[in-house]
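Visitor:
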Amino acid sequence: MAARNDGILLAGRLLLAAALLPAAIGRALNPSGFALTLAATGMPAPNAVATVSVVIGLFGPLLLALGVLPRLVGLGLSLHAVVAGLLLHRFWEFSGAVARVEQELFLAQLGLAAGFVLYAVTGPGG
Numbered sequence: 001m002a003a004r005n006d007g008i009l010l011a012g013r014l015l016l017a018a019a020l021l022p023a024a025i026g027r028a029l030n031p032s033g034f035a036l037t038l039a040a041t042g043m044p045a046p047n048a049v050a051t052v053s054v055v056i057g058l059f060g061p062l063l064l065a066l067g068v069l070p071r072l073v074g075l076g077l078s079l080h081a082v083v084a085g086l087l088l089h090r091f092w093e094f095s096g097a098v099a100r101v102e103q104e105l106f107l108a109q110l111g112l113a114a115g116f117v118l119y120a121v122t123g124p125g126g
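So in full-length UniProt numbering, spot 10 of the sequence shown is number 10, and the numbers just go up one at a time.
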């Protein structure tokens, strides 16, 4: 039973990592574009925030997939997801179809945050 649970926990870690890496790679390939997006939201120090976000977005999923420092990585990625949702998907500022799309993206960020909290609590398995 424990081996099966370990396999399920590994699958969960890999799925969470896979959910983050494409966006992180895109941001890493165009950090100035990401910084401009942040600046458009009124973010102070958008270049610094973009750099920190790219580092978290690239290394967090790798540490997650490897099962390294589960509490720190899980809680750090959870905080990152919540902050990203609050700053980048402010659905309450929009109406109509745009509000619905932004709300879905915001809720997706919360879903990721929940997965990261569960990882922090359960650990990597094994």
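Ideal Cβ positions, reconstructed from N, Cα and C, are used throughout, including at glycine. In this text the structure is predicted, and so the values were computed from the model without any measurement.
1. Would you report the Cα separation of residue 121 and residue 23, rounded to the nearest angstrom?
2. Between 86, 90, 94 and 64, which lies nearest to residue 19 when the distance is taken from Cα to Cα?
3. What separation, rounded to the nearest whole angstrom, lies between the Cα atoms of residue 6 and residue 110?
4. Going by beta-carbon coordinates alone, are residue 54 and residue 81 separated by less than 8 Å?
5. In angstroms, rounded to a whole number, what distance separates the CA positions of residue 57 and residue 91?
6. If I'm right that residue 49 touches residue 78 with Cβ under 8 Å, what's the distance once you round it to whole angstroms?
7. For residue 125, I'd like the list of residues in its chain whose CB is within less than 7 Å of its CB, leaving aside the five on either flank, ordered along the chain.
8. Does the beta-carbon of residue 61 have 16 or more other beta-carbons within 10 angstroms, so that it is buried, or is it exposed?
9. Which class does residue 89 belong to by DSSP, given the choice of helix, strand or coil?
10. Run the CB neighbour count on residue 115, radius 10 Å, all protein chains shown included, and call it buried at 16 or more, exposed below.
Guide: Quick answer:
1. Taking the first residue of the sequence shown as 1, we reach residue 121 at position 121. Taking the first residue of the sequence shown as 1, we reach residue 23 at position 23. Roughly 25 Å between the two C-alpha positions.
2. Counting from one through the sequence shown, the residue named residue 19 turns up at place 19. It is 64.
3. As a first step, residue 6 is located in the sequence shown; it is residue number 6 there, counting from the start. As a first step, residue 110 is located in the sequence shown; it is residue number 110 there, counting from the start. Cα-Cα distance, rounded: 25 Å.
4. As a working mapping, residue 54 is identified with position 54 in the sequence shown. As a working mapping, residue 81 is identified with position 81 in the sequence shown. Not a contact, by the Cβ cut-off of 8 Å.
5. Numbered from its first residue, the sequence shown carries residue 57 at position 57. Numbered from its first residue, the sequence shown carries residue 91 at position 91. Counting only the Cα atoms, residue 91 lies some 23 Å from residue 57.
6. In the sequence shown, counting from the first residue as 1, residue 49 sits at position 49. In the sequence shown, counting from the first residue as 1, residue 78 sits at position 78. Wrong, their Cβ atoms sit about 18 Å apart, outside the cutoff.
7. For the purposes of this step, residue 125 is taken as the residue at position 125 of the sequence shown. 5, 6, 9 and 10.
8. For the purposes of this step, residue 61 is taken as the residue at position 61 of the sequence shown. It counts as buried.
9. As a working mapping, residue 89 is identified with position 89 in the sequence shown. In the structure shown, residue 89 sits in coil (DSSP, three-state: anything other than H, G, I, E or B).
10. Taking the first residue of the sequence shown as position 1, residue 115 is located at position 115. By the 10 Å Cβ count, residue 115 comes out buried.
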